[in-house]
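The sequence shown: position 182 = 182 (the working numbering), numbered continuously.
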Amino acid sequence: MSTVASQIPATGTLSAPGSRAARARWVVIALIPAVLAAALLGLTTGAVEVSPAEVLWVLTGHLDDPFLREVILNLRLPRVLVAITVGAALAVSGVALQGLFRNPLADPGLIGVSAGAALGAVSVIVLGTTVLAPLVMALGVFTLPLAAFAGGLGTTWLVYRLASHGGHTSVATLLLGGIAINAIAGAATGMLVYMADDQQLRTLTFWNMGSLAHAGWTLWAVSAGLVLLALACMPLVARALNGLMLGESVATHLGFPVHRIKTLVVVMAALAVGASVAIAGIIGFVGLVVPHLLRLTIGPDHRYLLPASALGGALLLLLADALARIIVAPAELPIGLLTSLLGGPFFLWLLLRQKGRFGSTTPD
């Protein structure tokens, strides 16, 4: 604790050694071309083989092939943009929640945020033509992302209130509360699935495993606006999240409006996760794996960690989506299964590192 305290001046900025700060900047810069290369891979990968040159010709308008234009511009390009949007949203939400809870285990999926968002979205899918028909008529295409946002916001706030006491966050209560919220939301979602018709069941089955197969321009445009709003707000709290590493009382003494910061982080994380769930369904562990790997690489300073996580999350989901289209080609593996296969073992490893601290109510 004293080591971390010595790195936080009165402004709340986490001062890193010059080598670490330089490495962090270079990592952020290096991730940009990596994301662009992964996006190009996503545009060329699929049942229809397309060369990188053909992709560039279509994007620049130098190739007027109707079939390739349809494949690249209306099928793969929105899918790539959805992968970038969702990956960035989940990773940044994970960083923000981990900073708020002061614990690296606070993944949006593990603490119930994704389950709450899924419950809101499933409610619209199943009840949108009956009970919720007036709401759908009033909100139109915004209904699904807003319902997911409301569900994610409610579960995030509930878990936070359960796990926090006297300025400290209990890791055990955080995880157990997340398990309980996931169980309750899962049971409610199961009841709605039981009520669904055949068409809704087909949609929900693939959607519950996480998929980018139904990505389109309309839903992406609506949800991306909400995600971009959340991502734009997160850097504003980077210094405050650095201060919160020492606890809420210390952050208050450093001059940060802790209550407003907590509210903003919770709302923006729920907004980003809710919009992501509305686009792609439930995709787990991105918000756990990416931030932790980057934290090991560039350190805990949220001024670098937030943008690096946005790029890292986009990169991970682009690569996972490309792999999902290759493994069982010409069919497609739900991307949520791949991220779970990666994130499950990673979470167990992280859990073993933290197991000696679960009995304490003090922040990590």
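Glycine included, each C-beta is placed from N, C-alpha and C at the ideal position. For clarity, every value in this text was computed on a predicted model and none was experimentally measured.
What three-state label does DSSP hand residue i in the structure shown?
| i | result |
| --- | --- |
| His214 | coil |
| His292 | helix |
| His62 | coil |
| Ser164 | strand |
| Asn103 | coil |
| Pro345 | helix |
| Gly12 | Because the pLDDT at Gly12 is just 47, under 50, the model does not fix this residue reliably, and the point stays unresolved. |
| Val50 | coil |
| Leu110 | coil |
| Pro334 | coil |
| Leu75 | helix |
| Thr45 | coil |
| Val131 | coil |
| Ile283 | coil |
| Gly299 | coil |
Starting from residue i and walking both ways along the alpha helix (DSSP H), at which residues does that stretch end?
| i | result |
| --- | --- |
| Phe206 | Asp198 to Asn208 |
| Glu248 | Glu248 to His253 |
| Val141 | Here Val141 belongs to no alpha helix (DSSP H), and DSSP marks it neither H nor E. |
| Pro257 | Premise fails: Pro257 is in no alpha helix (DSSP H) and is neither H nor E. |
| Asn242 | Ala238 to Leu244 |
| Arg325 | His302 to Ile327 |
Report the rounded CA-to-CA distance for residue i versus residue j, giving the unit in angstroms.
| i | j | result |
| --- | --- | --- |
| Leu241 | Ala308 | 15 Å |
| Arg260 | Val237 | 10 Å |
| Gly287 | Val95 | 7 Å |
| Val250 | Gly243 | 7 Å |
| Glu49 | Leu77 | 15 Å |
| Val122 | Ser19 | 48 Å |
| Gly313 | Glu70 | 27 Å |
| Val273 | Leu316 | 16 Å |
| Gly152 | Ile279 | 14 Å |
| Ala138 | Ala147 | 13 Å |
| Pro300 | Ser51 | 40 Å |
| Asp198 | Thr189 | 16 Å |
| Gly247 | Val267 | 20 Å |
| Thr129 | Pro104 | 41 Å |
| Leu296 | Val55 | 36 Å |
| Thr3 | Met245 | Because the pLDDT of Thr3 is 39, which lies under 50, any placement of that residue in the model is unreliable, and the number read from its coordinates should be weighed accordingly. Cα to Cα, Thr3 sits roughly 12 Å from Met245. |
Could you tell me how far apart the beta carbons of residue i and residue j are, in whole angstroms, since I believe they sit closer than 8 Å?
| i | j | result |
| --- | --- | --- |
| Ala88 | Ile282 | Not really, about 17 Å apart at Cβ, beyond 8 Å. |
| Ile181 | Thr155 | 5 Å |
| Val141 | Thr85 | Going by Cβ atoms, the distance from Val141 to Thr85 rounds to 16 Å, so no, they are not a contact pair. |
| Val378 | Ala91 | Outside the shown range of the chain, which is 1 to 364, sits residue 378, and nothing can be said about it. |
| Pro345 | Met209 | Their Cβ separation, rounded to whole angstroms, is 19 Å, which puts Pro345 and Met209 out of contact at 8 Å. |
Label residue i either buried or exposed according to how many other C-beta atoms from any shown protein chain fall within 10 Å of its C-beta, with 16 as the threshold for buried.
| i | result |
| --- | --- |
| Tyr194 | exposed |
| Leu144 | buried |
| Trp26 | exposed |
| Met191 | exposed |
| Arg325 | buried |
| Gly298 | The question names Gly, but residue 298 in the sequence shown is Ile. Counting Cβ neighbours within 10 Å, Ile298 comes out buried, since at least 16 surround it. |
| Thr339 | buried |
| Asp321 | buried |
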